[in-house]
Amino acid sequence: MKKISLLFIALIFSTISVAQIIIDDTPTPIDLVTNTLIGQGLVTSNITFVGDPSQIGFFNGIASNIGLDSGVVMSSGNVSSIAPPGVPNTTIGGAGDPDVLATAQSVTSNPSSGDITSTNDAAILEFDFVPNGDVVIFRFVFASEEYLGFVNTQFNDAFGFYISGPDPAGGNYNVENLALVPGTTEPITISTIHPGLNSQYYIDDPAGATQSFNGFTVPIEIKFNVICDSTYHFKFAVADCQDGILDTGVLLEGGS
2 MKKISLLFIA
12 LIFSTISVAQ
22 IIIDDTPTPI
32 DLVTNTLIGQ
42 GLVTSNITFV
52 GDPSQIGFFN
62 GIASNIGLDS
72 GVVMSSGNVS
82 SIAPPGVPNT
92 TIGGAGDPDV
102 LATAQSVTSN
112 PSSGDITSTN
122 DAAILEFDFV
132 PNGDVVIFRF
142 VFASEEYLGF
152 VNTQFNDAFG
162 FYISGPDPAG
172 GNYNVENLAL
182 VPGTTEPITI
192 STIHPGLNSQ
202 YYIDDPAGAT
212 QSFNGFTVPI
222 EIKFNVICDS
232 TYHFKFAVAD
242 CQDGILDTGV
252 LLEGGS
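The sequence shown runs 2 to 257 under the working numbering.
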């Protein structure tokens, strides 16, 4: 009886130890957009990805604590390092992105925003789409190895979801960042969601049992109005600020 109990405990421990996020960096950006990211009702074209191929992939998060079942993951480092026992600390040596730089510099709550002069290792996914309805919804999780040691510093890694196209309210979206802290006009960075600010959206996870980032957000929803049958341009971009180490990533829910 004692042997059976010990075996049962061992099996439970084994199951828990392998319960973690699964990353696949082999699908192409075209496959990831058309077969994973986009739900029914959207026609896509002109799909491009700027960055190293290792910076984008598919994730299965069902067995993790990330809060999303599956989707597309992008990182300022190698996405494969997001799965334990990996360490998200890859220096790709890639270029930055001016839109992410402007986003990071715009954070009013960060006293070091004025010291941010560059971004590095940007991962940028872009495509055009034509909706057959009037509302588009995306859900995502922002995560970073910069947490918590570099909050409110020049290493303010950031994510942006930029849209261009006709605004139903009038005029046009012009590379407008819709990735904002809910209920605010502040963008998504390590200095806008953390225990001292907007803590209800933050999850601290330094042990990284099911994924390797030090901290991440709860799933955040972006919901915005569009004009049916009009063409829009999406740009998802994440980058390191001021250096190229300690990766930051974004996980975009599949089928959004």
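By construction, the Cβ of each residue, glycine as well, lies at the ideal position given by its N, Cα and C atoms.
In this structure, Tyr202 sits near Ile194, with a CB-CB distance shorter than 8 Å.
Under the three-state reduction of DSSP output, Ser200 falls in the helix class. Excluding sequence positions up to five before and after Asn47, its CB lies within less than 7 Å of the CB of Phe128, Asp129, all in the same chain and listed in chain order. Just so you know, the alpha carbons of Pro207 and Gly52 end up roughly 27 Å apart.
Exposed is the label assigned to Asn133, since fewer than 16 other Cβ atoms lie within 10 Å of its Cβ. In the structure shown, the three-state DSSP call for Asp100 is helix.
Closest in C-alpha terms to Thr211, from the list Ala84, Asn111, Ser119, comes Ala84. Judged by their CB atoms, Phe162 and Leu179 are nearer to each other than the 8 Å cut-off.
For Phe217, the uninterrupted beta strand (DSSP E) segment begins and ends at 216-218. In this structure, the straight-line span from the alpha carbon of Cys242 to that of Val44 is close to 33 Å. Annotation for Gly58: Ile24, Asp25, Asp26, Val74, Val80 place their beta carbon closer than 6 Å to its own, counting only its chain and skipping 5 residues before and after.
Contact check for Ile63 against Gly78 fails: the beta carbons are separated by 8 Å or more.
CA-to-CA, the gap between Ile223 and Gly115 works out to about 28 Å.
Secondary structure at Asn79: coil, using DSSP grouped into helix, strand and coil.
In terms of Cβ geometry, Phe50 and Leu252 do not form a close pair [threshold 8 Å].
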